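Trainee: Following our numbering, the numbering of the sequence shown begins with 728 at its first residue and continues without gaps.
Quick one: the structure is below, questions incoming.
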Amino acid sequence: MKTIVICHGMSSGGWAWKEVKIILEKEGHTVYTPTMTGCGERFHLANKEIDLNTAINDIVNVIHYENLHNIVLIGHSYGGAVASGVVDRIPELIDEVIYLDAMLLNDGEAVVNLFPNEIVHFLQGLIDTKGEGWKVPVVDEDRYDHRLTDHPHKCFKTPLNLKNKELDNIRTSYINCTEKEQNPLYYGIFRSVERAKERGMTIHNLKAGHIPNIENPTLIAQFLMNILS
């Protein structure tokens, strides 16, 4: 049985993985779904200084204080950038990384670098007009759950600084959700799928939308168990 730590996506939280966690734990796995600072039940801690490193520290500290090891680390969407930072800092505690329709950054890149300028400018307009100048707001057409929260924008502008260039001993794979819509805000995900191929990662194609943990938790839980087996 595996110890699994899940890094949730933008504007989300540990709550979004509750059903998947229940299914996996019924099969004997141990699952942690920490919520990053400024999101979910930790939304009251949101402030202008929260960045990608804050999120990485959130996950690293859960791992340290829960005394976890031999971890399967899962990064979903924006959580892929977080997962990359986590495994870089504590590779000795990670056995496997699974990127789920996630953003893959190169050393020195920020999330915004995955997107063309017109999308970055569009998002900056939303931040300035609806996010008080420092939050990426949840727009109504993308609000699939009332618990989604505005996300501190520095998380997407902070470069990922990697120190461990060689992590070849850690098994890494990528789940490509093939049914996601052609949303301009998913541009960075589509680009990351191509990067995963270029990096020689094992690619698993899942016939699901971008948020399978909400849309079909049974499907993604079973899919993950198949990979882990």
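Cβ atoms here follow ideal geometry from the backbone N, Cα and C, with glycine treated the same way.
These numbers were taken from a predicted model, which means no experiment stands behind them.
1. Touch check for the segment 810–821 and the segment 887–903: three-plus C-beta pairs under 8 Å?
2. Residues in its own chain within less than 6 Å of Val725 by CB, not counting five upstream and five downstream?
3. By the three-class DSSP mapping on this structure, what secondary structure does Asp815 have?
4. Helix, strand or coil, according to DSSP, for Arg898 in the structure here?
5. Taking the C-alpha atoms as reference points, what is the distance between Leu955 and Asn797?
6. Kindly identify the DSSP beta-bridge partner or partners of Asn903.
7. Using only alpha-carbon positions, find the residue among Phe950, Gly915, Thr730 and Ile916 that is nearest to Asn794.
8. Identify the residues that DSSP records as bridge partners of Leu700: which are they?
9. Skipping 5 residues on each side, what residues in its chain have a beta carbon closer than 6 Å to that of Val758?
10. Assuming Trp742 contacts Ile733 under a Cβ cut-off of 8 Å, what Cβ separation, rounded to an integer in Å, is found between them?
11. Would you tell me roughly how many angstroms separate the C-alpha atoms of Glu942 and Lys881, rounded to the nearest one?
12. Look at Lys884 and Ala923 and say whether their C-beta atoms are less than 8 Å apart.
13. Going by DSSP, what residue range makes up the alpha helix (DSSP H) through His848?
14. Take the Cβ of Met728 as the centre, count every other Cβ of all protein chains shown within 10 Å, and call the residue buried at 16 or more, exposed below.
15. Based on the DSSP output, what are the partners of Val863 in its beta bridges?
16. Kindly confirm or deny that the segment 845–859 and the segment 933–940 touch, where touching means at least three C-beta pairs closer than 8 Å.
17. Would you call the CB atoms of Thr760 and His791 closer than 8 Å?
Mentor: Quick answer:
1. Yes, the segment 810–821 is in contact with the segment 887–903.
2. Lying before the first or after the last residue shown, residue 725 is absent from the chain, which here runs from 728 to 956.
3. For the purposes of this step, residue 815 is taken as residue 88 along the sequence shown, with counting starting at 1. Note: Asp815 maps to helix in three-state DSSP.
4. Taking the first residue of the sequence shown as 1, we reach residue 898 at position 171. Under the three-state reduction of DSSP output, Arg898 falls in the strand class.
5. The sequence position of residue 955 within the sequence shown is 228, counting from 1. The sequence position of residue 797 within the sequence shown is 70, counting from 1. If I take the Cα positions, the gap works out to 13 Å.
6. Within the sequence shown, the letter at position 176 stands for residue 903. Partner(s): Asn932.
7. Position 67 of the sequence shown, counted from the start, is the residue given in the question as residue 794. Per the Cα distances, Thr730.
8. Limits of the chain in this structure are 728 at one end and 956 at the other, which puts residue 700 out of reach.
9. What you label residue 758 is simply residue 31 of the sequence shown in a count that begins at 1. Closer than 6 Å at Cβ, skipping near neighbours: Ile731, Lys748, Leu751 and Glu752.
10. Position 15 of the sequence shown, counting from 1, holds the residue named residue 742. Position 6 of the sequence shown, counting from 1, holds the residue named residue 733. At roughly 12 Å, the Cβ-Cβ gap does not stay under 8 Å, so Trp742 and Ile733 are not in contact.
11. Counted from its first residue, the sequence shown places residue 942 at position 215. Counted from its first residue, the sequence shown places residue 881 at position 154. Rounded to the nearest whole angstrom, the C-alpha separation of Glu942 and Lys881 is 28 Å.
12. The residue given as residue 884 occupies position 157 in the sequence shown. The residue given as residue 923 occupies position 196 in the sequence shown. No, the Cβ-Cβ distance between Lys884 and Ala923 is not below 8 Å.
13. Along the sequence shown, read from residue 1 onward, the residue named residue 848 stands at position 121. Taken as a continuous stretch (DSSP letters only), the alpha helix (DSSP H) holding His848 covers Asn844 to Lys857.
14. Taking the first residue of the sequence shown as position 1, residue 728 is located at position 1. Using a 10 angstroms sphere on the CB of Met728, the tally of other CB atoms stays under 16, which defines it as exposed.
15. Walking along the sequence shown from the start, residue 863 turns up at place 136. Beta-bridge annotation (DSSP): Val863 is paired with His878.
16. As far as the Cβ criterion goes, the segment 845–859 does not touch the segment 933–940, which means the pair count is below three.
17. The residue given as residue 760 occupies position 33 in the sequence shown. The residue given as residue 791 occupies position 64 in the sequence shown. One thing to note: Thr760 has its Cβ no nearer than 8 Å to the Cβ of His791.
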